[in-house]
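In what follows, a single structure is set out as structure tokens and then discussed.
Residue numbers (my numbering): 1142 to 1475.
See the structure below:
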């Protein structure tokens, strides 16, 4: 198939593109290569993709209406995988306008072009952050998610609402994927694993928030990609059992779905750090700090709906995943 994939030079975007390219799909990758983090890393990811003859790169902002319209006009994609976004919870406290521009205006441009170009399925990145103030674990798609605790989370919840509207009004199949703390080779430098590895190798202390009492459903990149591709291949359908007098947040009488993609095995932050120390053969100097604004103490995913839909459940062990990241990091940064 022909797939427009936004955020192609990003962490999840690069890995997903490779999976699609290796099976023979044509990928039209869109990315603006912004400087939110190391541009050299993004360009190195892009170099991996440009080795494929069936990869086409377009440098553009998703919020650039004319540029996105041109891509859809030129390539008439069958499916769209929308991964481009302004990421990061803490950064949203400092630069809120960046989130509205990229995550709301940009998503509207994607929806509009899917609507007018007969796209068969839009798969897009949501986030476990939408669960916000929820404390009942594991998090389920059937739970109410009306209490975000960061603007980033609010924009991702907004994406789900916008997608449902287009599914309802224009019969556009849309599926949102709530990613749970993705990690692995070629990962984002603003994420904990990258920050910790860099600091430990340099002999510098690492910041351990919530005094080490955080728990996260760390999910390995290969598991995320497998879930994305399987969901992309199976467009959302209206739920035959949907009850409008008692609506379930996870489905609709429109072709709309949302799914968790997580490992369903939450790990204490200190255990995560211990796995990293073991992989590096070094001990971290730890600086214990309180819970940060916008963060939540624990996450855990219920992935039964994903398993029922595409017969897949993430299961990569944390020690294996962290070791793979360390091996990549050492090689990439010499």
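Glycine included, C-beta positions come from ideal geometry on N, C-alpha and C.
- By the criterion of a C-beta distance shorter than 7 Å, residue 1178 is surrounded in its chain by 1329, 1330 and 1331, once the five residues flanking it on both sides are discounted.
- Setting aside the 5 residues that flank it on each side, residue 1363 is surrounded in the same chain by 1156, 1325 and 1457, each with a C-beta closer than 8 Å to its C-beta; the list follows chain order.
- If only complete runs of 3 or more residues are kept, the region 1213–1256 shows the beta strand (DSSP E) at 1220–1223, in order along the chain.
- DSSP places residue 1202 outside both helix and strand once states are collapsed to three, so it counts as coil.
- In this structure residue 1455 is buried. Its beta-carbon is surrounded by 16 or more other beta-carbon atoms within 10 angstroms.
- Each residue's CA atom was taken as its position, placing residue 1432 and residue 1353 some 9 Å apart.
- Taking C-beta atoms as the reference points, residue 1226 and residue 1243 count as a pair closer than 7 Å.
- Bounds of the alpha helix (DSSP H) holding residue 1362 are 1362–1373.
- For residue 1292, the CB contacts under 6 Å within the same chain, skipping 5 residues up- and downstream, are 1233, 1237 and 1240 in chain order.
- Excluding five sequence positions before and after residue 1459, the CB atoms of its chain that fall closer than 7 Å to its own CB belong to 1359, 1408, 1413 and 1416, given in chain order.
- Distance from the CA atom of residue 1376 to the CA atom of residue 1429, rounded to whole angstroms, is 45 Å.
- In the pairwise beta carbon analysis, the region 1212–1221 is classified as not touching the region 1178–1193: fewer than three pairs are separated by under 8 Å.
- At the C-beta level, residue 1264 and residue 1366 stay beyond 7 Å of one another.
- For residue 1435, the number of other beta carbons within 10 angstroms of its own is at least 16, and it is reported as buried.
- In the displayed model, residue 1337 falls within a helix according to three-state DSSP.
- The beta carbon of residue 1410 sits closer than 6 Å to the beta carbons of 1353 and 1355 from its chain, once the five residues preceding and following it are set aside; these are given in chain order.
- Shown here for residue 1395: same chain residues with a beta carbon closer than 8 Å to its own, the five before and five after excluded, namely 1305, 1308, 1309, 1312 and 1379 in chain order.
- By the Cβ neighbour-count rule, residue 1302 is exposed, with fewer than 16 other Cβ atoms within 10 Å of its own.
- By the beta-carbon neighbour count (other beta carbons within 10 angstroms, threshold 16), residue 1282 is buried.
- Each of 1440, 1339, 1419 and 1392 was checked against the Cα of residue 1475, and the nearest Cα belongs to 1339.
- The three-state secondary structure of residue 1451, taken from DSSP, is helix.
- Inclusion of residue 1152 and residue 1327 in the CB contact set at 7 Å is warranted, their separation being smaller than that value.
- The region 1275–1356 contains, as complete alpha helix (DSSP H) runs of 4+ residues, the segments 1292–1311 and 1333–1343 (chain order).
- Going by beta carbons, residue 1420 and residue 1464 fall inside the 7 Å limit.
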